[in-house]
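Single-structure report; data block below.
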């Protein structure tokens, strides 16, 4: 009896010792990230038969279990992936917002100061100081666009670097998980109930770290070996075999790096936008938000350059020459070629370019032109709409988006693809090409003087001066008194004629025609077949006074150093709605871009705060089950300490009984 009692006491002593060891292990790891508390599960030993009774044989520790709730852990893992995505996107958008706010203010201020200088020239066109100031402001404006584009380049490079670092970290985690799987497989005997709890904790902690970068799904087999999948099911860890993730140059844009998953048998591209987590947010930021901001700034730079160059070309400089371009020509060969990106897998040798025909129609969208074997099919990558451009060989293909796709040389092969970015490099290559303030075309070439007897609201205006030197010569040399007269030939119908009043009447008619009330008439000067140097437009209702009364307008050479009409025309472009299909001025377009980025940054910050709250809830829920509670462990420590002391007392009693029996014998 005393020996049985002795064994019972020893079993209790050993069980209490293991309980205390488990409690101590929990307390020691209270601050260990990813640790799940453990519990020693006790069972009663099989009793000994004594007569018709079973006498208890003590206790034993049957298992050290890990308090683990797979559902709360998966919820925490999902919340962690969402938080990584939201936090990363919010940080990047806030950085972009800060840059756009600062640079946007600089560009907006430069636009205002340039137009202020042009207004000054309009008032005093012979002042060389004002002309040089305007040219200096143009250089500052171009420099501000160059600087903002350089900032975009730096953001893109930085984002690519972060994507590469994340890919490297994912690969490292994959290797570590595979090593732990191998250790679990080697150390675990499937006939034994015990689990390598600390290895499992380490593996789950690695999976949690992986969840910051991408969404994660796991499957565990009967041997405890885990298979890890990322994104939409791409296998990252297959048991004890790790796969790695790396970056490769983008196609056709090498800076739009893409991800691939690598194994011993080769590499497979993966869609990073569907990976989730922080790495997906980096891709979204680079390929959507940053690219959109860059495209809008490029389009604005292109619109400013073209509009000012076009307005400058309609006037004459101080030397009576047509105004030369202020900024880089938006259709220079370098810019045209840079708008087309050729895919590396193309088999044909076609070289293409893009020519801008109407800056007001140019979108910020990206397009793809693919030769399907018969025609060029252009797809808008932003919304998926398709346009059939026609078969190869035409040379030039007009689109409804303000640009033309041109074949420069070579021929395409079936399935060859070309990416088109209509405004590409406009901000980066924006330069001031005019070097002398005298070259600013402040003076107009020709002007219109209404007759003193005109009484109606009818008007004749000079529009679209393509060759101001020829226009001036046409009105001054061959037609010194170029005259337009209009009369109402029938109710609601106006007849006009253009002639040289210097010739004896009846003067030969240069051009004639009619237009209806509410419409207008646009007349080329000189008329075809000669190339038009300028156009005149008759508007309003020039009914005159009395039946068949003619209203007259004289067109003449108005060039002079004191003429600032064209400078005023250039200044007026500040208030013209040119950007965004003719709906926004330059300043409005810049403000809309800046406000849009600010709105996205604010929205992403709210999403990040929500994701943080959801993660905190999921984490607390998981910790309430798996986390170490020091108060609970302290109580357990006292309980098991008392059990240890009581078992020691049982051993002592058994020893006393044994001694007594020996003494009696």
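Residue numbers (our numbering): 8 to 672. Cβ atoms here follow ideal geometry from the backbone N, Cα and C, with glycine treated the same way. Fair warning: this is a prediction, and the values are worked out from it, not measured in the lab.
Item	Value
As assigned by DSSP and simplified to three states, the class of residue 73	strand
4 or more residues per run - each alpha helix (DSSP H) lying fully within the segment 340-413	340-345
Assigned secondary structure, residue 115 (DSSP; H/G/I helix, E/B strand, else coil)	helix
Rounded C-alpha distance that separates residue 494 from residue 112	52 Å
Range covered by the beta strand (DSSP E) that runs through residue 495	489-497
Short Cβ contact (9 Å threshold) for residue 253 with residue 274	yes
Exposure label - residue 498; buried when at least 16 CB within 10 Å	exposed
Sequence-distant residues of its chain with Cβ nearer than 6 Å to residue 119 (five each side left out)	none
Cβ contact check for the segment 592-600 and the segment 299-310: 3 or more pairs under 8 Å	yes
Contact under 9 Å by Cβ, residue 286 with residue 174	yes
Extent of the continuous alpha helix (DSSP H) run through residue 158	135-194
Assigned secondary structure, residue 8 (DSSP; H/G/I helix, E/B strand, else coil)	Interpretation of residue 8 is limited by its pLDDT of 49, a score under 50 that renders its predicted location unreliable; the figure taken from the coordinates is listed afterwards. Here residue 8 sits in coil by DSSP.
Proximity to residue 263 [Cα-Cα], best of 343, 14 and 292	292
Neighbourhood of residue 353 by C-beta distance below 6 Å, restricted to the same chain and skipping five residues each side	423
Inter-residue Cα distance where the pair is residue 128 and residue 540	25 Å
For residue 334, three-class secondary structure by DSSP	strand
Local conformation of residue 127 per DSSP, three classes	helix
N- and C-terminal bounds of the beta strand (DSSP E) containing residue 530	528-532
Spatial neighbours of residue 343 in its chain, beta-carbon cut-off 8 Å, leaving aside the 5 residues before and after	360, 361, 362 and 413
DSSP state of residue 673 mapped onto helix, strand, coil	Because the chain spans 8 through 672 in this model, residue 673 falls outside it and cannot be assessed.
Those residues which DSSP pairs with residue 564 across a bridge	453
Buried versus exposed, by CB contacts within 10 Å (16 or more), residue 401	exposed
Unbroken alpha helix (DSSP H) run spanning residue 588, endpoints	586-589
Other residues of its chain near residue 660: CB distance less than 6 Å, five sequence neighbours each side excluded	none
Same chain, Cβ closer than 6 Å to residue 580, neighbours up to 5 away in sequence not counted	314 and 318
Beta-carbon proximity check, residue 391 vs residue 208, cutoff 9 Å	no
Residues near residue 649 by beta carbon distance below 6 Å, same chain, minus five either side	none
Status (buried if at least 16 other CB within 10 Å, exposed otherwise) for residue 8	Bear in mind that a pLDDT of 49 at residue 8, under 50, signals an unreliable position, so the number given afterwards is only what the model happens to contain. When all chains shown are included, residue 8 counts as exposed.
C-beta contact flag for residue 430 and residue 308 at 9 Å	yes
Local conformation of residue 483 per DSSP, three classes	helix
Cβ neighbour criterion (16 or more within 10 Å) applied to residue 216	buried
Inter-stretch contact (C-beta, 8 Å, three-pair minimum) for the segment 619-637 and the segment 78-95	yes
Cα-Cα separation between residue 590 and residue 628, rounded to whole angstroms	53 Å
Closest Cα partner of residue 350 within the set 375, 117, 374 and 425	425
Chain-order list of residues whose beta-carbon lies under 8 Å from that of residue 635 (same chain, five-residue window excluded)	33, 34, 36, 37, 42 and 44
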